[in-house]
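Engineer: Take a look at this one; I'll ask things after.
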Amino acid sequence: MTQNSELKTNKPIPYGRQNITEDDIAAVVETLQSDYLTQGPKVAEFENAFAKYVGAKYAVAVSNGTAALHLCTMALGVNEESRVITTPITFVASANCVRYCGGTVEFADIDLNTALLSVEKVRELIESKPKGYYSGIIPVDFAGNPVNLEEFRKLADAHGLWIIEDAAHSPGGYFIDSKGQKQLCGNGQFADLAIFSFHPVKHIATGEGGMVTTNDEALYKKLLLYRTHGITRDPELLEENHGGWYMEMQELGYNYRIPDMLCALGISQLQRADAGMARRRGIAKVYDKAFAEVAGIETLQTTPAALHDDETGHAYHLYVIKVQDRKGLYDFLRGHNIFAQVHYIPAHTMPYYRNLGYQKGDFPAAEQYYSECLSLPMYPTLTHEEQEFVIEKVKEFVQK
Ligand SMILES: *Cc1c(COP(=O)(O)O)cnc(C)c1O
152 MTQNSELKTN KPIPYGRQNI TEDDIAAVVE TLQSDYLTQG PKVAEFENAF
202 AKYVGAKYAV AVSNGTAALH LCTMALGVNE ESRVITTPIT FVASANCVRY
252 CGGTVEFADI DLNTALLSVE KVRELIESKP KGYYSGIIPV DFAGNPVNLE
302 EFRKLADAHG LWIIEDAAHS PGGYFIDSKG QKQLCGNGQF ADLAIFSFHP
352 VKHIATGEGG MVTTNDEALY KKLLLYRTHG ITRDPELLEE NHGGWYMEMQ
402 ELGYNYRIPD MLCALGISQL QRADAGMARR RGIAKVYDKA FAEVAGIETL
452 QTTPAALHDD ETGHAYHLYV IKVQDRKGLY DFLRGHNIFA QVHYIPAHTM
502 PYYRNLGYQK GDFPAAEQYY SECLSLPMYP TLTHEEQEFV IEKVKEFVQK
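Once you know that position 291 of the sequence shown is 442 in this note's numbering, the rest is easy, because the numbers rise by one and skip nothing.
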């Protein structure tokens, strides 16, 4: 694949995809031949490696990112009385986890420059209500661009709120705090809990899979309990003890476990995470440069994160451009076998949330962003030729 004309007849270029190596396959096969397909040693091994990677004290591996979010809202005690603030520009699971526990989702608008949940809008919302009205905030490191959690934490502390960081897009991402320190996404310094997803389009792919990270031991223990039906065998927690077989179901939990084969795959993938991140940032740089001077293409601002001009804490799950004729560009690219995607249709405009009282027009920045955004191919195995082809086609459409 060296010539662009050849690319047109070649395999489709998606917006994101997994990278599975021989080592990954060997790791899965080895686990398949071991004593444990689930509840075995690979789970803790994956958790420990992941906790280390993001700089958190505890990690709990689960069946997917949505289950991770649900465990978080359960552990934080979300119920019918809870009102939780999140962004409309996210995958719906960030909001749905509040509904699973019967709570109310309160959207707040984004900052149009970054497409991240606006701290100012959240502040306005919180200050417009009496103390105690809201329970928590779920900011999302959208596209891999880390939110400034230090600012959200200050706000949350002033009003007694908890924070779940939805870091599904940002393992390996970081922002620079007010003391000049790198703060890795999911490191638990500012958020009470953080979640990750291992869906194939995400950085680390296990097919299905997710992780919760935290520095809070009490929350950690709750996550463990709820992951497995609310059942415990921990002698310190048991109310009675009848013998070696004895266990108690103390709460209503779920089966949100992840099998050992997938943890083995995750461990193997994690060993290449830094290389994958470097490649993603390299791809972003090429796009940035290619589009910098092109009238009609806008890119998103990155959270001020760089210690040096050359560095970025952006984890680049997505590379988003904004164009006026988004549908035109989307269709044009598809015609050339480039499968760009739109992230996201604002959650509050989904029929489910409209039935709960939201309407179009409620969050103008989110809706404007949605009308223009398009995510271009961004994944470590995207070749230079493929990227050049994408750039050429985007420019061809915008400049015609
Ligand atoms: C992918 C994703 C999730 C959910 O993860 P699954 O593993 O697909 O359940 C949650 N939040 C965001 C922002 C995501 O992109």
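Note that the Cβ used here is the ideal one computed from N, Cα and C, for glycine as well.
Just so we're clear, the structure is a prediction, and the values are computed from it rather than from any experiment.
Excluding sequence positions up to five away, which residues of its chain have a Cβ less than 7 Å from the Cβ of residue 189?
Structural biologist: As a first step, residue 189 is located in the sequence shown; it is residue number 38 there, counting from the start. The residues are 408, 410, 411.
Engineer: My understanding is that residue 339 touches residue 366, with C-beta atoms under 8 Å, so please give their C-beta distance in whole angstroms.
Structural biologist: Start at 1 with the first residue of the sequence shown, and residue 339 comes out as number 188. Start at 1 with the first residue of the sequence shown, and residue 366 comes out as number 215. About 4 Å; that satisfies the 8 Å criterion.
Engineer: By DSSP, does residue 524 sit in helix, in strand, or in coil?
Structural biologist: Locating residue 524 in the sequence shown gives position 373, where the first residue counts as 1. The answer is strand: DSSP assigns residue 524 an E or B state.
Engineer: Run the CB neighbour count on residue 383, radius 10 Å, all protein chains shown included, and call it buried at 16 or more, exposed below.
Structural biologist: Mapped onto the sequence shown, residue 383 falls at position 232. That one is buried.
Engineer: What is the C-beta distance between residue 527 and residue 481, in whole angstroms, given that I count them as a contact (C-beta under 8 Å)?
Structural biologist: Numbered from its first residue, the sequence shown carries residue 527 at position 376. Numbered from its first residue, the sequence shown carries residue 481 at position 330. 11 Å between Cβ atoms; not a contact.
Engineer: Ends of the alpha helix (DSSP H) at residue 566?
Structural biologist: Shown here, the chain extends from 152 to 551; a query on residue 566 therefore has no answer.
Engineer: For residue 257, report the span of its alpha helix (DSSP H) as first-last.
Structural biologist: Walking along the sequence shown from the start, residue 257 turns up at place 106. Careful: residue 257 lies outside any alpha helix (DSSP H), inside the beta strand (DSSP E) at 255 to 258.
Engineer: Taking the beta carbon of residue 549 as the centre, do at least 16 other beta carbons fall within 10 Å, making it buried, or is it exposed?
Structural biologist: Residue mapping note: residue 549 aligns to position 398 of the sequence shown, counting from 1. Per the 10 Å Cβ criterion, buried.
Engineer: What's the gap between the Cα of residue 211 and the Cα of residue 177?
Structural biologist: Translated into positions along the sequence shown, residue 211 becomes position 60. Translated into positions along the sequence shown, residue 177 becomes position 26. Roughly 24 Å separates the two Cα atoms.
Engineer: DSSP three-state call for residue 400: helix, strand or coil?
Structural biologist: For this step, residue 400 is matched to residue 249 along the sequence shown. Here residue 400 sits in strand by DSSP.
Engineer: Between residue 430 and residue 191, what straight-line distance do the alpha-carbon atoms span, to the nearest angstrom?
Structural biologist: Along the sequence shown, read from residue 1 onward, the residue named residue 430 stands at position 279. Along the sequence shown, read from residue 1 onward, the residue named residue 191 stands at position 40. Their backbone Cα atoms lie some 33 Å apart in a straight line.
Engineer: Am I right that residue 336 and residue 359 are in contact with their C-beta atoms under 8 Å? What's the rounded C-beta distance?
Structural biologist: Position 185 of the sequence shown holds residue 336. Position 208 of the sequence shown holds residue 359. For residue 336 against residue 359, the beta-carbon gap comes to about 21 Å, at or over 8 Å, which does not count as contact.
Engineer: If you follow the beta strand (DSSP E) that residue 425 is in, where does it begin and where does it stop?
Structural biologist: Against the sequence shown, residue 425 aligns to sequence position 274. Run containing residue 425: none in the beta strand (DSSP E); it sits in the alpha helix (DSSP H), 424 to 442.
Engineer: Fully enclosed by the stretch 297 to 358, which alpha helix (DSSP H) runs are 4 residues long or longer?
Structural biologist: Entirely contained in the stretch 297 to 358, the alpha helix (DSSP H) runs reaching 4 residues are, in chain order, 300 to 310.
Engineer: With a Cβ-Cβ cutoff of 9 Å, do residue 530 and residue 170 count as a contact?
Structural biologist: Your numbering for residue 530 matches position 379 in the sequence shown. Your numbering for residue 170 matches position 19 in the sequence shown. For residue 530 and residue 170, yes; Cβs fall inside 9 Å.
Engineer: Just the C-alpha distance for residue 328 and residue 183, rounded to the nearest angstrom, thanks.
Structural biologist: The sequence position of residue 328 within the sequence shown is 177, counting from 1. The sequence position of residue 183 within the sequence shown is 32, counting from 1. The alpha-carbon of residue 328 is positioned some 43 Å away from that of residue 183.
Engineer: At a cut-off of 8 Å, is residue 338 close to ligand 3 when judged by its beta-carbon and the heavy atoms of the ligand?
Structural biologist: Of the ligands one can find in the structure shown, namely ligand 1, none is ligand 3.
Engineer: Compute the distance between the beta-carbons of residue 269 and residue 292, then report whether it is under 9 Å.
Structural biologist: Counted from its first residue, the sequence shown places residue 269 at position 118. Counted from its first residue, the sequence shown places residue 292 at position 141. The answer is no: Cβ separation not under 9 Å.
Engineer: Can you tell which of 545, 489, 522, 534 has its C-alpha closest to the C-alpha of residue 164?
Structural biologist: In the sequence shown, counting from the first residue as 1, residue 164 sits at position 13. Nearest Cα to residue 164 within the set 545, 489, 522, 534: 489.
Engineer: Name the DSSP beta bridge partners of residue 212, please?
Structural biologist: As a working mapping, residue 212 is identified with position 61 in the sequence shown. Partner(s): 362.
Engineer: Looking at the structure shown, is residue 447 part of a helix, part of a strand, or coil, going by DSSP?
Structural biologist: Position 296 of the sequence shown, counting from 1, holds the residue named residue 447. Here residue 447 sits in coil by DSSP.
Engineer: Per the contact definition of three or more C-beta pairs closer than 8 Å, is the stretch 507 to 523 in contact with the stretch 415 to 426?
Structural biologist: no
Engineer: For residue 287, collect the residues of the same chain with a Cβ closer than 6 Å to its Cβ; drop the 5 residues on either side in sequence, then sort them by chain order.
Structural biologist: The count along the sequence shown starts at 1 and reaches residue 287 at position 136. Closer than 6 Å at the Cβ level, and outside the excluded window around residue 287, lie 235, 312, 313.
Engineer: Using a 10 Å radius around the Cβ and a threshold of 16 neighbouring Cβ atoms, would you call residue 453 buried or exposed?
Structural biologist: Within the sequence shown, residue 453 is the residue found at index 302, counting from 1. By the 10 Å Cβ count, residue 453 comes out buried.
Engineer: Measuring only the C-alpha atoms, how far is residue 154 from residue 534?
Structural biologist: Working through the sequence shown from its first residue, we reach residue 154 at position 3. Working through the sequence shown from its first residue, we reach residue 534 at position 383. The pLDDT assigned to residue 154 is 46, lower than 50, so where the model puts this residue is not dependable; a value taken from the coordinates is nonetheless given after this. Answer to the nearest angstrom: the Cα atoms are 12 Å apart.
Engineer: Which one of 484, 505, 472, 507 has the shortest CA to CA distance from residue 263?
Structural biologist: Within the sequence shown, the letter at position 112 stands for residue 263. Comparing Cα positions, the closest option is 472.
Engineer: Label residue 198 either buried or exposed according to how many other C-beta atoms from any shown protein chain fall within 10 Å of its C-beta, with 16 as the threshold for buried.
Structural biologist: Residue 198 sits at position 47 when you count from the first residue of the sequence shown. So residue 198 counts as buried.
Engineer: Hey, how far is the Cα of residue 299 from the Cα of residue 479?
Structural biologist: Numbered from its first residue, the sequence shown carries residue 299 at position 148. Numbered from its first residue, the sequence shown carries residue 479 at position 328. Roughly 34 Å between the two C-alpha positions.
Engineer: Among the residues of its own chain, which have a CB less than 8 Å from the CB of residue 306, if the five just before and after it don't count?
Structural biologist: In the sequence shown, counting from the first residue as 1, residue 306 sits at position 155. Only 270, 273, 274, 277, 288, 312 meet the Cβ criterion.
Engineer: Does the beta carbon of residue 210 fall short of 8 Å from some heavy atom of ligand 1?
Structural biologist: Your numbering for residue 210 matches position 59 in the sequence shown. Flag unset: Cβ of residue 210 not near ligand 1.
Engineer: Answer yes or no: do residue 514 and residue 294 have a C-beta to C-beta separation smaller than 9 Å?
Structural biologist: Residue numbering aside, residue 514 sits at position 363 when the sequence shown is read from its first letter. Residue numbering aside, residue 294 sits at position 143 when the sequence shown is read from its first letter. Not closer than 9 Å, so no.
Engineer: Tell me which same chain residues have a C-beta within less than 7 Å of the C-beta of residue 393, skipping the five on either side of it?
Structural biologist: Counting from one through the sequence shown, the residue named residue 393 turns up at place 242. None.
Engineer: Please find out if some non-hydrogen atom of ligand 1 comes closer than 8 Å to the beta-carbon of residue 256.
Structural biologist: Within the sequence shown, numbered from 1, the residue matching residue 256 stands at position 105. No, the beta carbon of residue 256 sits no closer than 8 Å to any heavy atom of ligand 1.
Engineer: Could you say which of 425, 309, 256 lies nearest to residue 282 if we only look at CA atoms?
Structural biologist: In the sequence shown, counting from the first residue as 1, residue 282 sits at position 131. Closest by alpha carbon: 309.
Engineer: Find the nearest neighbour of residue 413 within the set 356, 465, 251, judged by alpha-carbon distance.
Structural biologist: For the purposes of this step, residue 413 is taken as the residue at position 262 of the sequence shown. For the residues 356, 465, 251, the minimum Cα distance to residue 413 belongs to 356.
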